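S.K.: Residue 169 in full-length UniProt numbering sits at position 169 of the sequence shown, with consecutive numbering throughout. A virtual CB, placed ideally from N, CA and C, is assigned to each residue, including glycine. Since the structure is predicted, the reported quantities are computational estimates derived from the model, not experimental observations.
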Amino acid sequence: MTSPSEREKRKKELEAKRLRLAKVRNERLKLSQGNKTSPSKTKKPKDEEVDNLVSSLLNKKKSDKTPTKKIVKVKKKVTKTNEKKQPTKLPEVPKKELKLQKSIIHVDIRPKIIEKYQKETQTTLVFTSTNTEDDSNDEDANQNESIDSTQIINEAKIEREQNEKKFNAEILSAVERQQEMTSSNFQDFFAFSSKIIEKAQNEPYDILRDYIGHSNDEYDVQQPTISDNRQLKDEKITSYRAVTDLQWSPKYPELLLASYSMKREMRRAQEADGLVLLWSLALPTRPESTLTCQSPVTSAMFSTFSPSVVIGGTFSGQIVVWDTRAKSTPVNRSLLSSSGHTHPIFGMQVVGSKNAHSLVSLSNDGRICVWSLDMLKTPEDVIDLNSGQNRLSPTSLVFPQDEVNLFYVGSEHGSVYSGLRMGNNIGIDKEYTGHSGPITGIDFHNSAGNSSFLDLFVTSSMDWTVKLWSKNYQTPLLSFEESNEYVYDVQWSPIHPSLFASVDGAGYLFLWNPNINVEEPVIKTQVSQHAINKLRFSTDGKKIITGDSDGVLTVLEINSDISIPKEETKAFQQKVINLYPKKRTSKSDSYVF
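#1: Skipping 5 residues on each side, what residues in its chain have a beta carbon closer than 7 Å to that of residue 261?
#2: Select from 153, 182, 349 and 272 the residue whose C-alpha is nearest the C-alpha of residue 305.
#3: Tell me the rounded alpha-carbon separation between residue 624 and residue 447.
#4: Report all residues from its chain with a CB closer than 6 Å to the CB of residue 574; omit the five preceding and five following residues, and keep chain order.
#5: Who are the Cβ neighbours of residue 155 in its own chain at under 6 Å, not counting the five residues just before and after it?
#6: With a threshold of 16 other CB atoms inside 10 Å of the CB of residue 117, please say whether the residue is buried or exposed.
#7: Going by the DSSP bridge assignment, what does residue 98 pair with across the sheet?
#8: Just reading off the beta strand (DSSP E) that residue 478 is part of, what are its end residues?
#9: Considering only C-alpha positions, which residue in the set 470, 365, 107 and 490 is nearest to residue 464?
#10: Sort 226, 394 and 277 by Cα distance to residue 237 and report the nearest one.
#11: Please identify the residue among 418, 524 and 294 whose C-alpha is closest to the C-alpha of residue 500.
#12: Could you spell out the range, first to last residue, of the beta strand (DSSP E) harbouring residue 349?
#13: Select from 563, 292, 479 and 248 the residue whose C-alpha is nearest the C-alpha of residue 330.
#14: According to DSSP, is residue 182 part of a helix, a strand, or is it coil?
#15: From 279, 371, 290 and 328, pick the residue whose C-alpha is nearest to that of residue 318; which is it?
#16: Check whether the Cβ atoms of residue 345 and residue 299 sit closer than 7 Å, and answer yes or no.
#17: Between the beta-carbon of residue 383 and the beta-carbon of residue 410, is there less than 7 Å?
#18: With a threshold of 6 Å on Cβ separation, who are the neighbours of residue 78 within its own chain once the five nearest residues in sequence on each side are excluded?
#19: For residue 555 and residue 538, I'd like the C-alpha separation in whole angstroms.
#20: What does DSSP give as the partner residue(s) for residue 375 in the beta ladder?
#21: Is residue 548 closer than 7 Å to residue 563 when the C-beta atoms are compared?
#22: Under a three-way DSSP split, which group does residue 307 fall into?
#23: Would you mind sorting residue 106 into buried or exposed? The rule is 16 or more other CB atoms within 10 Å of its CB.
#24: Quick one: what does DSSP say residue 270 is sitting in, helix, strand or coil?
#25: How should residue 4 be labelled, buried or exposed, when 16 other C-beta atoms within 10 angstroms of its C-beta is the threshold for buried?
#26: I think residue 444 touches residue 398, with their Cβ atoms under 8 Å apart; what is that distance to the nearest whole Å?
#27: How big is the Cα-Cα spacing for residue 311 and residue 188?
#28: Look up residue 297 in the DSSP assignment and say whether it is helix, strand or coil.
#29: Note down, in chain order, each residue of its chain lying with its Cβ closer than 7 Å to the Cβ of residue 272, except the 5 sequence neighbours on either side.
#30: Quick check on residue 4: does DSSP put it in helix, strand or coil?
#31: Apart from the five residues just before and just after residue 264, which ones in its own chain have a Cβ nearer than 6 Å to its Cβ?
#32: In whole angstroms, what separates the C-alpha of residue 320 from that of residue 413?
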């Protein structure tokens, strides 16, 4: 408890403070009114005095021993009495100084490298020196070089002996050798490696030939017009099988396929009836790949847009598809049902573009089926050529170049028929008569750089003749009658506009060029002692592959003087124009020269 004297003292102090505060406020009001008319230069000192006074009062308030509650109440009364005049100014907070920090990044820029090349020329320095000191120095240098070389050889021997000691090769026992040789990994490795070695050995280059020195007379001899280069056969597999089809790979120029018939003699139980072999020209003694199926293969081809896919038509009427990257058996096949083929397939061709193509097949009963290679369950379309009274027995099928609708078929009774597989007039359209025996082969001109020859095609027949046709005329333009046997196949050269080849049952190969001679072939050579069933030109037109009735494939090289054209286009064009018939006395007339 405080005494009454202290209370009185405290009241007097508070009253004095009120008076001082009121005086200060009045002075501040006067100053603010004076600033409206003219700014005062003494404002800053007055503000400092007021600030000092307020801060002193606040310090006294904090150091006072009286309870804080009473001081708060008194402060409230003071503020209420002077609320309408001017609010008190709060103490100023010291301003923080802002500092900017700069981060420096060091970047190293590589100097531009200027590449310089030094070109030198090696020459032989010829000089004679009488200085004996130089000679002695040269001898010393030569001795040092010989010492260095012997030292290097000795070090190499020591290093080799150390490596041999480090890696001691263990000699396998007979049982271990047999197990290793019969393992699948070793057999795969040996088969792959041996093919590479055989291909290297079969390269036709003469490694001893001197291209710089004097020429030998044996190299100056004129090369023959056609040469028997090599034979492709494997007696264990191909003997007693007839070649039924041939085709060169569209991707690899040295690769080709051949399909074979069923063996004529007794075969082993594990041998399949259907056989297609992929051959490489660099590996004549064994095939690159073996493809098999249950039924004999009558027609085979590479897929035009997938070179690793092989398509086959069988004697049972099935379409089979192999993938050379997979196993030797078919990866896909059509069903044996009446919706597809039920007779042997004698012709197939892939037509269309890379993104929209179909397989068209022809069987001996006159049925054409259109297939999608991705779905062989049922054909997309079926055309029956035996509608009405016309009973056809087709033997071959061909589409002209860049044609997807118009097709041509050869028949057993000697006529060639054209037809359409789409549109309003589906089926047979025209008949071309001229042969007196079954048609064995038909091939359209591939233009060879001139579209004016696209209407020409050639046919081979068992009437011993080859005939030249134009699809604009239903009778042959020319008949070539050199053979004394059945003519089994015919094909145009892919690069020569007037050159084509044919083969017959006596094993002869004929090369015809109407620009040179229309009566005799430019080349006639016997390739085999057996009947030749098929022939195919290589894509460069410099080789011909033939297949005979004993399963032997023969590769023949054609001299460039015959295979490569030399201003033949205009001459052949004029020859064909002269062959077009002006007047025909009868429908069966044929122009024989």
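M.R.: On the basis of the coordinates in this document:
#1: 241, 242, 244 and 296
#2: 349
#3: The question about residue 624 has no answer, for the chain in this structure spans 1 to 593.
#4: none
#5: none
#6: exposed
#7: Partner(s): none; residue 98 has no beta bridge.
#8: 478-480
#9: 490
#10: 277
#11: 524
#12: 345-352
#13: 292
#14: helix
#15: 371
#16: yes
#17: no
#18: Per-residue confidence for residue 78 stands at a pLDDT of 42, beneath the threshold of 50, marking its modelled position as unreliable; no derived number is given.
#19: 10 Å
#20: 372
#21: no
#22: strand
#23: exposed
#24: coil
#25: exposed
#26: 6 Å
#27: 26 Å
#28: strand
#29: 292, 293 and 294
#30: helix
#31: 240
#32: 29 Å
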